[in-house]
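Student: Residue numbers (our numbering), protein chains in the order written: chain A, 85 to 337; chain B, 244 to 397; chain C, 114 to 383.
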Amino acid sequence: MSNTIVKMLSDTLAGFGAATWFFFRILGQLPQALLRPRLIVHQVHNAGALSLVIIMTCGLFVGMVLGLQGFDMLARFGSESALGSAAALALVKELGPVVAALLFAGRAGTALASEIGLMRATDQLVAMEVMAVDPFRYVVAPRFLGGIIALPLLTMIFIAIGIFGVQLIGVQQLGVDQGTFWSQMRGSVEIEDIMEGLIKGCVFGVACSLIAVYEGFTAAPTAEGVGRATTRTVVNSAVMTLILDYMITAIML
Amino acid sequence: MQSSRATEIVTGAFVLFGFAALFFLVTQITNKDFSAGSSGGYILIANYQNVGSLKVGAPVSMSGVTVGRVEEITYDQQQYRAVVKMRINGSFDRIPEDSDASIMTAGLLGGQYISVTAGGSDQFFKSGGQFMVVQDALVLENLINKLAASFSAK
Amino acid sequence: MTSDRPKTFNLVEISDVHYSIGGRDIFKGLTLEIPRGKITAIMGPSGTGKTTLLRLITGQIRPSRGKVWVDGQDVSRLSRQELYLLRQQIGMLFQNGALLTDLSVFENVAFPVREHTDLPEALIRHLVLTKLQAVGLRGAHRLMPHELSGGMARRVALARAMVRDPDLLIYDEPFAGLDPISMGVILRLLRKVNDALGITSIVVSHDVDEIALVADHSYILAGGKVVASGSPKALKNDQSALVRQFMNGLPDGPVPFHYPAPDYYSDLLD
């Protein structure tokens with residue numbers, strides 16, 4: 085029993101260590117990867133533009149739910165007018181970055197992991213090695229960068245659409261005064277709050293992208309291995325996002 | 244990479260969209276324009292017995308419209324009064340000199356702000372002008388004490 | 114390669130190499146030589162580490178003992194950069210082609226050129242189309258890898274492997290899973306490329322008859338060592354039991370048909 089716990093702990097530690105090494109190898113290749121903007125553009129497209137529909141849809145509905153629930157809760161204290169600021173703060177500081185990161189892990193992270201895993205399974209990575217092309221430079225670093233660029237942007241889009249959703253329910257449907265809604269929001273949301281959301285988006289972008297490319301790159305070269313890599317990408321990204329979210333919030337509050 | 248041009252266009256649109264969202268958030272849901280323009284506008288001063296929980300950055304509003312921000316709250320040891328310095332947006336330059344500045348509370352539990360009610364004078368405030376008529380913050384304990392006193396007097 | 118080193122007679126020399134994965138010994142004192150300008154075949158039953166040998170030669174793995182010399186350089190001592198320089202002189206054809214799936218046929222062949230040189234676009238085009246013409250797929254240069262058959266993919270991979278005129282071309286199971294026509298095409302290309310470009314070729318395969326047609330020299334590996342070597346014809350007439358079993362495809366012999374197991378009858382009675 086204690087043996088399995090020790091083994092689990094050492095496995096986790098080893099995973100952390102390997103991922104950190106992996107991270108430094110990517111950093112080492114970043115200058116050369118930056119010389120190929122087209123590859124990065126391609127990956128921003130894959131990770132970002134292709135996730136846009138799911139991010140916007142979910143943002144809208146999260147905002148609408150927030151409108152309904154927030155209105156109901158605030159109405160119990162007779163302060164429906166605070167809906168704008170309450171919902172905006174919740175979206176900007178927490179819901180936006182976290183939900184966007186979880187969706188990103190599910191949409192873009194799995195795509196990255198399975199793509200790189202398949203390249204491993206079909207010898208493409210080894211072929212590059214033999215052609216004296218470092219796969220870190222050509223495959224890993226551009227995908228990692230693409231993810232880092234895409235997630236903060238997706239986060240901002242998610243928040244903006246979410247606020248639109250809140251407004252749709254709160255103002256258009258439940259009759260919160262339009263002016264009160266916006267002025268309350270403006271009165272309570274500070275530029276620092278948006279920075280907090282942006283910083284979270286960037287940190288989650290690094291974490292989720294790193295996990296995705298790491299899991300894909302180290303996947304066993306079989307169908308089963310690629311499948312396992314995608315599963316682990318989603319699970320690890322979600323756990324890591326929530327842990328980091330706590331840490332950043334604790335630091336920034 | 245056959246459709247690399249289309250990819251680039253879509254990516255460009257996506258990035259622009261993202262930055263537009265960020266721009267929207269910064270300009271539309273915060274009071275960025277006032278806090279950033281902290282060197283613009285002009286200064287008005289009001290002295291209070293008690294500012295309650297008024298905070299630096301609280302809005303200064305006229306008829307509910309935010310016209311400025313509280314910039315500094317200090318204590319004057321000569322007069323034993325709180326001195327509130329507020330920065331008014333330069334476009335609101337017709338505030339009569341006999342206006343009054345009251346500290347109000349937004350909602351039952353909301354934060355406090357300064358509400359300026361326009362007077363009737365033809366003279367308008369210049370930078371550094373001081374409100375003559377002010378009304379202190381309403382402190383709940385004082386209110387309750389007053390109420391209790393008036394009840395026991397009956 | 115570089116002029117400051119004297120050209121050795123053998124392009125690749127492997128001496129007394131030991132290697133094991135996960136406690137299983139793959140090589141136990143492997144020694145062989147690949148002469149320049151010839152087609153050398155490496156044969157052997159499955160699981161004898163033929164692919165591992167290729168990974169040793171290209172420096173993807175290092176032997177636990179012994180030396181691997183390629184063009185006069187000790188592969189296991191090279192730094193990452195030196196290794197990459199060496200690999201630029203090596204072309205490799207993978208079993209399934211290993212084309213990059215997100216690039217077209219043209220871009221796949223152009224890939225090594227673009228990565229390692231700054232040639233103008235017109236020259237790259239010329240170079241790529243010449244190589245594609247050589248493998249008969251110039252007309253397919255716009256296709257994506259998923260639109261190719263197995264044989265076509267392998268020919269594109271061959272064009273890619275030779276696009277930078279390497280000194281050494283390595284073929285990993287070039288005939289596996291091909292129809293007779295594609296197989297014939299690859300066979301003819303193999304000979305033609307070797308002779309026309311004056312390069313050295315290593316072919317790993319267990320297709321005895323095809324190898325006999327092209328190889329100048331063959332090695333048969335078994336049990337982590339070279340068990341026989343010589344021209345294909347000489348090997349055909351070799352009298353050792355293992356070589357005869359392998360060359361003639363006999364089911365049982367020194368390489369047993371059965372995986373090691375306890376006695377059949379006592380197993381059934383359990």
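We put the CB at the ideal spot given by N, CA and C, even for glycine.
If contact means a Cβ-Cβ distance below 9 Å, which residues of the stretch 236-251 of chain A contact chain B?
Tutor: Per Cβ criterion, the list reads P236, L237, L238, T239, M240, I241, F242, I243, A244, I245, I247.
Student: Run the CB neighbour count on B:E252, radius 10 Å, all protein chains shown included, and call it buried at 16 or more, exposed below.
Tutor: In the sequence as presented, Glu is not what sits at residue 252 of chain B; that position holds Ile. So B:I252 counts as exposed.
Student: Excluding five sequence neighbours on each side, which residues of the same chain lie with their C-beta closer than 6 Å to the C-beta of A:G309?
Tutor: If we look at A:G309 and ignore the five residues flanking it on each side, its Cβ neighbours are A303.
Student: Cα-Cα, which of B:I272, B:G283, B:D379 is closest to B:R324?
Tutor: B:R324 has its Cα closest to that of B:D379, out of B:I272, B:G283, B:D379.
Student: Name, please, each residue of chain A whose Cβ falls closer than 9 Å to the Cβ of B:F335.
Tutor: Those do not exist, as B:F335 stays about 16 Å from chain A at its closest Cβ, beyond 9 Å.
Student: Classify A:M157 as helix, strand or coil using the three-state DSSP reduction.
Tutor: Residue state, collapsed to three classes: helix.
Student: Reducing DSSP to helix, strand and coil, say where A:T306 ends up.
Tutor: Three-state result, A:T306: coil.
Student: I'd like to know if A:D156 contacts chain C, where contact means its C-beta is closer than 8 Å to some C-beta of that chain.
Tutor: Answer no: the Cβ-Cβ gap between A:D156 and chain C never drops below 8 Å.
Student: Could you name the residues of chain B that A:M269 contacts, counting a contact when the two beta carbons are closer than 9 Å?
Tutor: Chain B residues near A:M269: Q271, I272, T273.
Student: With 8 Å as the threshold, decide whether the Cβ of B:T348 is near any Cβ in chain A.
Tutor: So no, B:T348 is outside the interface.
Student: If you compare alpha carbons, which of B:D341, B:D319, B:V359, B:T348 is closest to B:R330?
Tutor: With distances taken between Cα atoms, B:R330 lies closest to B:V359.
Student: Under the three-state reduction of DSSP, which class applies to C:I170: helix, strand or coil?
Tutor: Of the three classes helix, strand and coil, the one that applies to C:I170 here is helix, per DSSP.
Student: Should A:A102 be labelled buried (16 or more other beta-carbon atoms within 10 Å of its own) or exposed?
Tutor: Exposed, by the Cβ-count rule.
Student: With hydrogens ignored, establish whether the beta-carbon of A:I124 is closer than 7 Å to any heavy atom of the ligand NAD.
Tutor: In the structure on display, the ligand NAD does not appear, and there are no ligands present to speak of.
Student: What span of residues does the beta strand (DSSP E) with C:I147 cover, start to end?
Tutor: Per DSSP, C:I147 belongs to the beta strand (DSSP E) from 137-148.
Student: Check for me: the alpha helix (DSSP H) holding C:L236 runs from which residue to which?
Tutor: Run containing C:L236: 234-247, per the alpha helix (DSSP H) assignment.
Student: For B:A391, does the three-state DSSP call read helix, strand or coil?
Tutor: Reduced to three states, the DSSP call for B:A391 is helix.
Student: Are the Cβ atoms of B:T348 and B:L390 separated by less than 8 Å?
Tutor: Contact flag unset, no.
Student: Report the rounded CA-to-CA distance for A:G230 versus A:V128, giving the unit in angstroms.
Tutor: In a straight line, the C-alpha of A:G230 is about 4 Å away from that of A:V128.
Student: Along chain A, which residues have their Cβ under 9 Å away from the Cβ of B:E340?
Tutor: Under the 9 Å cutoff, chain A gives no residues; its nearest Cβ is about 27 Å from B:E340.
Student: On the DSSP bridge list, what partners appear for C:W182?
Tutor: Answer by DSSP bridge pairing, in chain order: C:E126, C:D187.
Student: Taking only the alpha-carbon atoms, compute the straight-line gap between A:L186 and C:K244 and give it to the nearest angstrom.
Tutor: Taking the straight line from one Cα to the other gives about 47 Å.
Student: For C:N350, does the three-state DSSP call read helix, strand or coil?
Tutor: C:N350: coil per DSSP, three-state reduction.
Student: On the three-state DSSP scale, how would you describe C:I287?
Tutor: Checking the sequence, you will find Pro at residue 287 of chain C rather than Ile. Coil, per DSSP.
Student: Who are the near neighbours of B:F277 in its chain, counting only those whose CB is closer than 6 Å to its CB and skipping five residues on each side?
Tutor: Legend: pLDDT at B:F277 = 48, less than 50; position of this residue unreliable, value from coordinates given subsequently. Once the five neighbours on either side are set aside, the close Cβ partners of B:F277 are R312.
Student: Assign C:D322 to one of three DSSP states: helix, strand, or coil.
Tutor: Reduced to three states, the DSSP call for C:D322 is helix.
Student: What residues are listed by DSSP as bridge partners for B:Q355?
Tutor: The partner list for B:Q355 (beta bridge, DSSP) reads B:T348.
Student: Just to confirm before moving on: does the CB-CB distance between C:P367 and C:L355 stay below 8 Å?
Tutor: Cβ distance < 8 Å, so C:P367 and C:L355 count as in contact.
Student: Report yes if the CB atom of A:V183 is closer than 8 Å to the CB atom of A:V149, and no otherwise.
Tutor: No; because the gap between Cβ atoms is not below 8 Å, this pair is not in contact.
Student: So for B:F368, helix, strand or coil by DSSP?
Tutor: B:F368: coil per DSSP, three-state reduction.
Student: Start and end of the beta strand (DSSP E) containing B:N406?
Tutor: Residue 406 of chain B lies beyond the residue range present for chain B, which begins at 244 and ends at 397; the question has no answer from this structure.
Student: What residues in the stretch 281-315 of chain A have a beta carbon less than 9 Å from any beta carbon of chain B?
Tutor: Taking 9 Å as the Cβ-Cβ cut-off against chain B, the residues of the stretch 281-315 of chain A that qualify are G281, L282.
Student: Could you name the residues of the same chain whose beta carbon sits closer than 7 Å to that of C:S116, not counting the 5 residues immediately before and after it, in chain order?
Tutor: Note on C:S116: pLDDT 43, under 50, position unreliable in the model; the coordinate value appears next. Same-chain partners within the cutoff: there are none.
Student: 8 Å is my cut-off, CB to CB: does B:L297 come that close to chain A?
Tutor: Judged by the 8 Å Cβ criterion, B:L297 is not in contact with chain A.
Student: In terms of alpha-carbon separation, which member of C:T144, C:N123, C:S159, C:D285 lies closest to C:K210?
Tutor: This sequence places Gly at residue 210 of chain C; Lys is not what is there. For the residues C:T144, C:N123, C:S159, C:D285, the minimum Cα distance to C:G210 belongs to C:D285.
Student: How would you label C:E323, buried or exposed, when you count the other beta carbons within 10 angstroms and need 16 or more for buried?
Tutor: Burial call: buried.
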